[in-house]
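S.K.:
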Amino acid sequence: MATKKLLIVESPAKAGTIKKYLGKDYTVMASMGHIIDLPKSQMGIDFENDYTPKYITIRGKGQLLTQLKKEAKKADVVYLATDPDREGEAISWHLAEALKIDPESNCRVTFNEITKTAVKAAIKQPRKIDMDLVDAQQARRVLDRIVGYTISPILWEKVKRGLSAGRVQSVATKLICDREEEIENFTPQEYWSIETVLHDPKSKKDFNAKYYGEKGKEVKLNNAEETKKVSDAIANADFVIEKVKRGQQKRNPQPPFTTSTLQQDASRKYNFQAAKTMQIAQTLYEGINLGGKIGTIGLITYMRTDSLRIADDAQKEAVAYLTENYGSEYVKAKQYKTKKNAQDAHEAIRPTSINIKPIDIKDKLTNDQYRLYKLIWERFAASQMTSAVYDTMQVTIDANGHTFKASGSNIKFKGYMTVYVESTDNKEKKEKMLPNLEENQTVTLKSSEEKQHFTQPPARYSDATLIKELEENGIGRPSTYAPTISTIVSRGYVVRSKKQLVPTELGFVTSEIMKNNFSDIVDVEFTADMEKELDSVEEGELNWKKLINDFYPSFKDTLEKAQKNIEKIQIKDEESDVVCEKCGRKMVYKLSKFGKFLACPGYPECKNTKAIREETGAKCPKCGGEILVKKSRRGKVYYGCEHSPKCDFMVWDMPVKDEACPQCGGLLLKKQGRNGKIFCYNEDCKYERKLKDEKK
Numbered sequence: 001m002a003t004k005k006l007l008i009v010e011s012p013a014k015a016g017t018i019k020k021y022l023g024k025d026y027t028v029m030a031s032m033g034h035i036i037d038l039p040k041s042q043m044g045i046d047f048e049n050d051y052t053p054k055y056i057t058i059r060g061k062g063q064l065l066t067q068l069k070k071e072a073k074k075a076d077v078v079y080l081a082t083d084p085d086r087e088g089e090a091i092s093w094h095l096a097e098a099l100k101i102d103p104e105s106n107c108r109v110t111f112n113e114i115t116k117t118a119v120k121a122a123i124k125q126p127r128k129i130d131m132d133l134v135d136a137q138q139a140r141r142v143l144d145r146i147v148g149y150t151i152s153p154i155l156w157e158k159v160k161r162g163l164s165a166g167r168v169q170s171v172a173t174k175l176i177c178d179r180e181e182e183i184e185n186f187t188p189q190e191y192w193s194i195e196t197v198l199h200d201p202k203s204k205k206d207f208n209a210k211y212y213g214e215k216g217k218e219v220k221l222n223n224a225e226e227t228k229k230v231s232d233a234i235a236n237a238d239f240v241i242e243k244v245k246r247g248q249q250k251r252n253p254q255p256p257f258t259t260s261t262l263q264q265d266a267s268r269k270y271n272f273q274a275a276k277t278m279q280i281a282q283t284l285y286e287g288i289n290l291g292g293k294i295g296t297i298g299l300i301t302y303m304r305t306d307s308l309r310i311a312d313d314a315q316k317e318a319v320a321y322l323t324e325n326y327g328s329e330y331v332k333a334k335q336y337k338t339k340k341n342a343q344d345a346h347e348a349i350r351p352t353s354i355n356i357k358p359i360d361i362k363d364k365l366t367n368d369q370y371r372l373y374k375l376i377w378e379r380f381a382a383s384q385m386t387s388a389v390y391d392t393m394q395v396t397i398d399a400n401g402h403t404f405k406a407s408g409s410n411i412k413f414k415g416y417m418t419v420y421v422e423s424t425d426n427k428e429k430k431e432k433m434l435p436n437l438e439e440n441q442t443v444t445l446k447s448s449e450e451k452q453h454f455t456q457p458p459a460r461y462s463d464a465t466l467i468k469e470l471e472e473n474g475i476g477r478p479s480t481y482a483p484t485i486s487t488i489v490s491r492g493y494v495v496r497s498k499k500q501l502v503p504t505e506l507g508f509v510t511s512e513i514m515k516n517n518f519s520d521i522v523d524v525e526f527t528a529d530m531e532k533e534l535d536s537v538e539e540g541e542l543n544w545k546k547l548i549n550d551f552y553p554s555f556k557d558t559l560e561k562a563q564k565n566i567e568k569i570q571i572k573d574e575e576s577d578v579v580c581e582k583c584g585r586k587m588v589y590k591l592s593k594f595g596k597f598l599a600c601p602g603y604p605e606c607k608n609t610k611a612i613r614e615e616t617g618a619k620c621p622k623c624g625g626e627i628l629v630k631k632s633r634r635g636k637v638y639y640g641c642e643h644s645p646k647c648d649f650m651v652w653d654m655p656v657k658d659e660a661c662p663q664c665g666g667l668l669l670k671k672q673g674r675n676g677k678i679f680c681y682n683e684d685c686k687y688e689r690k691l692k693d694e695k696k
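Heads up, the sequence shown is in UniProt numbering, so the first residue is 1 and it goes up one at a time.
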């Protein structure tokens, strides 16, 4: 009689994919994430009993747990195949406890990719639950619970209800507020430049050169007077090539993606928020039905990772593919060095098979899935390719004792750039090669332009730059970057302005309270050291309860002082120009988890609220009403008529105001992105023009 086996994973999508790989002897079920956790309504930690967590079955999961218990009793073997990280290990441990499975038995199964080969190989090598991983997760959970459930009530009492003060989110908010203060306190410094267009009589080509200094030494031009003095001196001077330096420069490929670098590149290239990137990556990891012989398969490896390691088999497959398709001169197999505190049990994010080319499966993916898979595929392929090589040329020019410099480059061998170009590469390598200049040669001045500049303040953080800052400072881990940004936005500490993260008054007030009363919690170095200690727990070098005990007593003293010292702060709601039609007061802006809305300040006497009306300036082609900016339930911006639902006009592309279609007089729409265009809403009219042709 065949042995009946039960395999438990976290998500139904993953369960569906894996079920197709295993025979009829396997039942595959999903726990739907955590099934047991700390209670939401209370601290859930027994401080008198060595910080023991008080775990409960999550509300609404009782029936699912009963089903899991029922199936576990029927099965001869139960495998726990939750995600291969600390949180996944903790979920498996909770399931083992609930289903009365010995955690020391070989019940735990992990795989880094959801392919038939990987899943079947993993089942052949079950292991016991790794309690060091579990304890590291317990330590993080208890630590975050202590901080959040003790500081948050103080913020509710002193500022407003609904605030929270998580460990990592408080540091992230502080970073954003500190940057805003830098910008506000920044004093611009004036400086000038002189840019010339020079002509080479031999090649009859023009090239650009910039003022550098005097007699080879760098000199800064601080004002108009200094600049004009140089301009007058070079007006009729001979421009003599003093030095020509030719060379080659290599540009090396970047390693495959980690969680943070994937989020950064997706933000820069596609304007994806970190949470959206992870949501799409999750679907690619859990499995896509490609049809035919392949069927359903996970397209990428596990997407919460800070490792750069590449499996040997994956590397060999990549080398074979690249050699066949590009030639051996483009191939250079390489393993990248993973940083010290990375969870190297994982791999970098890569395609499960480089032979599954993005273009071949485009019709099986949504547009966003395709773009993200293509990004991951190209970055991985490029990581195993040779460097790009540039011919470079640097020229020093003398004009009446004044030094000018020019540089140029030209790509000689594209190498990895044949497949993938980083978002930063495009900006850095736009210069062209200079003419074939020689030393002591004279070139002529065609034009000279004096330009006034002012130093710029540091840029506000975007999703990409904040994630980079958090990672570089050792704050948080791959699984925390996206939730951290989502939380500080949803709490109203930060708002998004285009791509920038801008602190609100509430963010400033909360951050100031944290800095003045809980300096350790928002200290970058302290938070990074805490992450290192959590890593030590994972490595079995530190007892997790000792970590909590080292932290809590002094934190408790700080908490008691803060409760006494923090004064109540009244944050006034921002007043709008909209008058409440029910009581005549000017309405104020409020914030909910769905975004900003207008509310009457006379609450509770007057409970009037309304959505914020944002007009595009364009008129509805169906009824002539105003076209408004709206948001779907999932937060995606669209454009609809003010008379909805009576008028059903709705588009995803931005309406163009103050311009009608030159062919039919209809509404024009603007599609953003790499292939951006302006086109007519009228389906019968084929008018369109490319955005890149627009006048700047």
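Ideal Cβ placement from N, Cα and C applies to all residues, glycine included.
Quantities reported herein were computed from a predicted structural model and do not represent experimental measurements.
#1: How far does the alpha helix (DSSP H) with Met278 in it extend, from its first residue to its last?
#2: When the Cα of Arg179 is compared with those of Asp684, Cys680, Phe508, which residue comes out closest?
#3: Compute the beta-carbon to beta-carbon distance between Ile397 and Phe239, rounded to the nearest angstrom, for a pair I have assumed lies under 8 Å.
#4: So, helix, strand or coil for Cys177, using DSSP?
#5: Roughly how many angstroms lie between the CA atoms of Lys160 and Leu143, to the nearest whole one?
#6: Using a Cβ-Cβ cut-off of 7 Å, state whether Leu7 counts as contacting chain D.
#7: Within its chain, find whatever has a CB closer than 7 Å to the CB of Leu434; leave out the 5 residues flanking it on each side and keep chain order.
#8: Determine the closest residue to Glu242 out of Lys250, Gln384, Gln369, Phe404, with distance taken between C-alpha atoms.
#9: Does the distance from the C-beta atom of Arg268 to that of Ala464 stay below 7 Å?
#10: Based on the DSSP secondary-structure assignment, which residues constitute the bridge partners of Leu628?
#11: Ignoring anything shorter than 3 residues, give me the beta strand (DSSP E) runs that lie fully in the UniProt region "Disordered" (245–264), in order along the chain.
#12: Using the beta-carbon count (16 or more within 10 Å), is Arg59 buried or exposed?
#13: In the DSSP assignment, find the unbroken alpha helix (DSSP H) run with residue 700 in it and report its ends.
#14: Exposed or buried, which one is His453 when buried takes at least 16 other CB atoms within 10 Å?
#15: Could you tell me whether the segment 329–336 touches the segment 376–389, where touching means 3 or more Cβ pairs closer than 8 Å?
#16: Per DSSP, what kind of secondary structure is Lys696 in: helix, strand or coil?
#17: Bridge partners of Ile495, per DSSP?
#18: In the DSSP assignment, find the unbroken alpha helix (DSSP H) run with Tyr552 in it and report its ends.
#19: With a cut-off of 8 Å on the beta carbons, I'd call Lys19 and Pro39 a contact; round off their distance for me.
#20: Using C-beta distances below 8 Å, list every residue in its chain close to Gly666, excluding the 5 sequence neighbours before and after it, in chain order.
#21: Identify, in the order they occur along the chain, each residue of the same chain with its Cβ nearer than 8 Å to the Cβ of Lys69, setting aside the five sequence neighbours on each side.
#22: How long is the line joining the alpha carbons of Ser164 and Ile297, rounded to whole angstroms?
#23: CB-CB under 6 Å to Gly676, same chain, minus the five flanking residues each way: which ones, in chain order?
#24: Going by the CB atoms, is the gap between Ala482 and Ala274 shorter than 7 Å?
#25: Nearest to Met650 by alpha carbon, out of Gln663, Pro662, Ala618?
#26: Taking one C-beta from the segment 498–517 and one from the segment 164–178 each time, how about it: are there three or more such pairs within less than 8 Å?
#27: State the Cα-Cα distance for the pair Glu574 and Gly476, rounded to the nearest angstrom.
#28: Can you name the residues that DSSP bridges to Glu449?
#29: Using the Cβ count rule (16 or more neighbours within 10 Å means buried), how would you classify Tyr285?
#30: Measuring only the C-alpha atoms, how far is Lys128 from Thr3?
#31: Hey, how far is the Cα of Ile146 from the Cα of Gly44?
#32: Should Ser497 go down as buried or exposed, given a rule of 16 or more other Cβ atoms within 10 Å for buried?
#33: Taking Val142 as part of the alpha helix (DSSP H), name the residues at either end of that continuous run.
#34: By a C-beta neighbour count over all protein chains shown, 10 Å radius and 16 as the cutoff for buried, is Gly540 buried or exposed?
#35: Quick check: what's the CA-CA separation for Phe413 versus Arg246?
#36: Could you check whether the segment 574–587 touches the segment 543–550, counting it as contact only if at least three pairs of C-beta atoms, one from each stretch, sit closer than 8 Å?
M.R.: By the coordinates alone:
#1: Met278: member of the alpha helix (DSSP H) spanning 274–286, first to last residue.
#2: It is Phe508.
#3: At roughly 5 Å, the Cβ-Cβ gap stays under 8 Å, so Ile397 and Phe239 are in contact.
#4: Helix.
#5: C-alpha separation (whole angstroms): 24 Å.
#6: Of the protein chains in the structure, only one exists, and it is not chain D.
#7: If we look at Leu434 and ignore the five residues flanking it on each side, its Cβ neighbours are Phe207, Met393, Val395, Ala406, Gly408.
#8: Comparing C-alpha distances from Glu242 to each of Lys250, Gln384, Gln369, Phe404 shows the shortest one belongs to Phe404.
#9: Their beta carbons are under 7 Å apart, which means Arg268 touches Ala464 by this criterion.
#10: For Leu628, which the question treats as bridged, DSSP gives the partners Glu615, Gly640.
#11: Within the UniProt region "Disordered" (245–264), no complete beta strand (DSSP E) run reaches 3 residues.
#12: With fewer than 16 other Cβ atoms within 10 Å, it is exposed.
#13: The displayed coordinates of the chain run from 1 to 696. Any statement about residue 700 would go beyond what the structure contains.
#14: When all chains shown are included, His453 counts as exposed.
#15: The answer is yes - the segment 376–389 touches the segment 329–336, with three or more Cβ pairs under 8 Å.
#16: Any reading at Lys696 needs caution, since the residue's pLDDT is 41, under 50, leaving its predicted position unreliable; the model's value is listed next. In the structure shown, the three-state DSSP call for Lys696 is coil.
#17: What sits at residue 495 in the sequence shown is Val, not Ile. Note: Val495 is bridge-paired with Val502 in the DSSP secondary-structure output.
#18: 544–565 is the extent of the alpha helix (DSSP H) around Tyr552.
#19: The beta carbons of Lys19 and Pro39 sit about 33 Å from each other, so the pair does not count as a contact at 8 Å.
#20: Taken in chain order, the residues that qualify are Pro621, Ala660, Cys680, Tyr681, Asn682, Cys685.
#21: Excluding residues within five positions, the ones whose Cβ falls inside 8 Å are Ala98, Leu99.
#22: Their backbone Cα atoms lie some 40 Å apart in a straight line.
#23: Hits under 6 Å: Leu691.
#24: A Cβ-Cβ contact shorter than 7 Å links Ala274 with Ala482.
#25: Nearest option by C-alpha distance: Ala618.
#26: With three or more CB-CB distances shorter than 8 Å, the segment 498–517 counts as touching the segment 164–178.
#27: Computed Cα separation, rounded: 33 Å.
#28: Paired residues: Glu195.
#29: Burial call: buried.
#30: Distance between the alpha carbons of Lys128 and Thr3 is about 20 Å.
#31: Taken atom to atom, the span from the alpha-carbon of Ile146 to that of Gly44 is near 9 Å.
#32: With fewer than 16 other Cβ atoms within 10 Å, it is exposed.
#33: Looking at the DSSP string, the run of the alpha helix (DSSP H) that includes Val142 is 131–158.
#34: Looking at its Cβ environment, which holds fewer than 16 other Cβ atoms inside 10 Å, Gly540 is exposed.
#35: When rounded, the distance between both Cα atoms is 16 Å.
#36: No: fewer than three Cβ pairs fall under 8 Å.
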